[in-house]
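Chemist:
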Amino acid sequence: MINKNLQLATFGGGCFWCTEAVFQEVKGVEEVVSGYSGGNAPGHPTYREICSGLTGHAEVIQVTFDANRISYKDILVIFMTTHDPTTLNRQGADKGTQYRSVIYYHDEKQKEIAALVLKEVASYYDNSVVTEISPLDVFYEAEDYHQNYYRNNQEQGYCSFVITPKLAKLRKLHADKLK
Numbered sequence: 040m041i042n043k044n045l046q047l048a049t050f051g052g053g054c055f056w057c058t059e060a061v062f063q064e065v066k067g068v069e070e071v072v073s074g075y076s077g078g079n080a081p082g083h084p085t086y087r088e089i090c091s092g093l094t095g096h097a098e099v100i101q102v103t104f105d106a107n108r109i110s111y112k113d114i115l116v117i118f119m120t121t122h123d124p125t126t127l128n129r130q131g132a133d134k135g136t137q138y139r140s141v142i143y144y145h146d147e148k149q150k151e152i153a154a155l156v157l158k159e160v161a162s163y164y165d166n167s168v169v170t171e172i173s174p175l176d177v178f179y180e181a182e183d184y185h186q187n188y189y190r191n192n193q194e195q196g197y198c199s200f201v202i203t204p205k206l207a208k209l210r211k212l213h214a215d216k217l218k
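When you read off a place in the sequence shown, starting at 1, and then add 39, the result is the number in this note's numbering.
What follows is the structure, given as structure tokens:
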């Protein structure tokens with residue numbers, strides 16, 4: 040039986056390995072795919088091209104979620120509170136436009152909800168929120184070795200020092216929304 044309540048959300052908050060790991064733990068999330076969006080380079084970009092910063096693409100994830108189990112608004116609140124939306128083109132040590140904070144909306148309703156969530160969470164931060172809200176043009180799936188990165192590489196240093204603390208923050212702030 041096909042679930043007609045499945046929806047897509049696409050956003051980037053720095054390295055896609057981090058955001059992917061966060062949303063794989065959220066109730067109602069059916070699938071998380073790492074990829075690239077928001078650029079202007081022709082054709083399907085590679086990770087190497089994205090890292091150059093010349094494509095204009097951001098590292099993003101595309102989340103398939105069951106709207107009967109979790110709302111788009113809740114997805115965005117989790118996103119906005121598990122990364123730093125106040126740093127332009129940067130998350131931690133990752134610098135460049137490919138690491139920008141961005142929400143790509145799929146329709147006008149998502150655009151409205153994104154604007155509302157940004158307004159609501161702005162008071163959580165001392166600095167201004169710089170998260171971009173833009174229409175989704177195209178989503179390019181990242182190479183296979185980027186998918187399920189944290190699950191497959193937990194012993195790797197980046198995972199231990201960057202992703203594991205993000206997951207601890209998720210569990211503290213959003214325990215009621217986790218699988």
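Beta carbons: idealized from backbone N, C-alpha and C, even for Gly. Just so it is clear, the structure is predicted and the values come from calculations on it, not from any experiment.
Between the Cα of Thr49 and the Cα atoms of Ile142, Arg210, Leu127, which residue gives the shortest distance?
Modeler: Here residue 49 corresponds to residue number 10 of the sequence shown, with the count starting at 1. Among Ile142, Arg210, Leu127, the Cα nearest to that of Thr49 is on Ile142.
Chemist: Keeping to the same chain, check which residues put their C-beta closer than 6 Å to that of Asn107; ignore five residues upstream and five downstream.
Modeler: Locating residue 107 in the sequence shown gives position 68, counting from the first residue. Here the set comprises Asn44.
Chemist: Where do the N-terminal and C-terminal ends of the alpha helix (DSSP H) with Ile172 fall, by residue?
Modeler: As a working mapping, residue 172 is identified with position 133 in the sequence shown. Per DSSP, Ile172 belongs to no alpha helix (DSSP H); it is in the beta strand (DSSP E), 171 to 174.
Chemist: Mapping DSSP to helix, strand and coil, what is Gln137?
Modeler: Counting from 1 along the sequence shown, the entry for residue 137 is found at position 98. Gln137: helix per DSSP, three-state reduction.
Chemist: Out of Asp146, Gly51, Cys57, which has the shortest C-alpha to C-alpha gap to Cys198?
Modeler: One-based indexing of the sequence shown puts residue 198 at position 159. Taking only the C-alpha atoms, the option nearest Cys198 is Cys57.
Chemist: In chain order, which continuous runs of the alpha helix (DSSP H) of length 4 or greater are located wholly inside the stretch 90 to 132?
Modeler: Taking only runs of at least 4 residues, the alpha helix (DSSP H) segments lying wholly in the stretch 90 to 132 are 111 to 120.
Chemist: Taking the Cβ atom as the reference point for each residue, do His145 and Leu47 lie within a distance shorter than 8 Å?
Modeler: Translated into positions along the sequence shown, residue 145 becomes position 106. Translated into positions along the sequence shown, residue 47 becomes position 8. Yes, Cβ-Cβ distance for His145 and Leu47 is below 8 Å.
Chemist: Would you give the residue range spanned by the beta strand (DSSP E) that Gln46 belongs to?
Modeler: Residue numbering aside, residue 46 sits at position 7 when the sequence shown is read from its first letter. Unbroken beta strand (DSSP E) run through Gln46: 45 to 52.
Chemist: Measure from the alpha carbon of Leu155 to the alpha carbon of each residue in Thr94, Tyr111, Gln137, then state which is nearest.
Modeler: Within the sequence shown, numbered from 1, the residue matching residue 155 stands at position 116. Out of Thr94, Tyr111, Gln137, Tyr111 has the C-alpha closest to the C-alpha of Leu155.
Chemist: Considering only the alpha carbon of each residue, which of Gly95, His213, Tyr189 lies closest to Thr203?
Modeler: Start at 1 with the first residue of the sequence shown, and residue 203 comes out as number 164. The residue with the shortest Cα to Cα distance from Thr203 is Tyr189.
Chemist: The beta strand (DSSP E) with Val72 in it runs from where to where?
Modeler: On the sequence shown, position 33 is the one that residue 72 refers to. Looking at the DSSP string, the run of the beta strand (DSSP E) that includes Val72 is 68 to 76.
Chemist: Buried or exposed, going by whether 16 or more other CB atoms sit within 10 Å of the CB of Tyr75?
Modeler: Counted from its first residue, the sequence shown places residue 75 at position 36. Classification for Tyr75: buried.
Chemist: Considering only the beta carbon of each residue, do Val102 and Val68 sit closer than 8 Å?
Modeler: For the purposes of this step, residue 102 is taken as residue 63 along the sequence shown, with counting starting at 1. For the purposes of this step, residue 68 is taken as residue 29 along the sequence shown, with counting starting at 1. Yes, the Cβ-Cβ distance between Val102 and Val68 is below 8 Å.
Chemist: Can you tell which of Gln186, Leu209, Glu182 has its C-alpha closest to the C-alpha of His83?
Modeler: What you label residue 83 is simply residue 44 of the sequence shown in a count that begins at 1. Ranking the options by Cα distance to His83, first place goes to Glu182.
Chemist: First and last residue of the beta strand (DSSP E) that includes Glu180?
Modeler: Stepping through the sequence shown from its first residue, residue 180 is reached at position 141. Its beta strand (DSSP E) spans residues 178 to 180.
Chemist: Give me the DSSP bridge partner(s) of Leu217.
Modeler: Along the sequence shown, one-based indexing puts residue 217 at 178. BP columns for Leu217 point to Val65.
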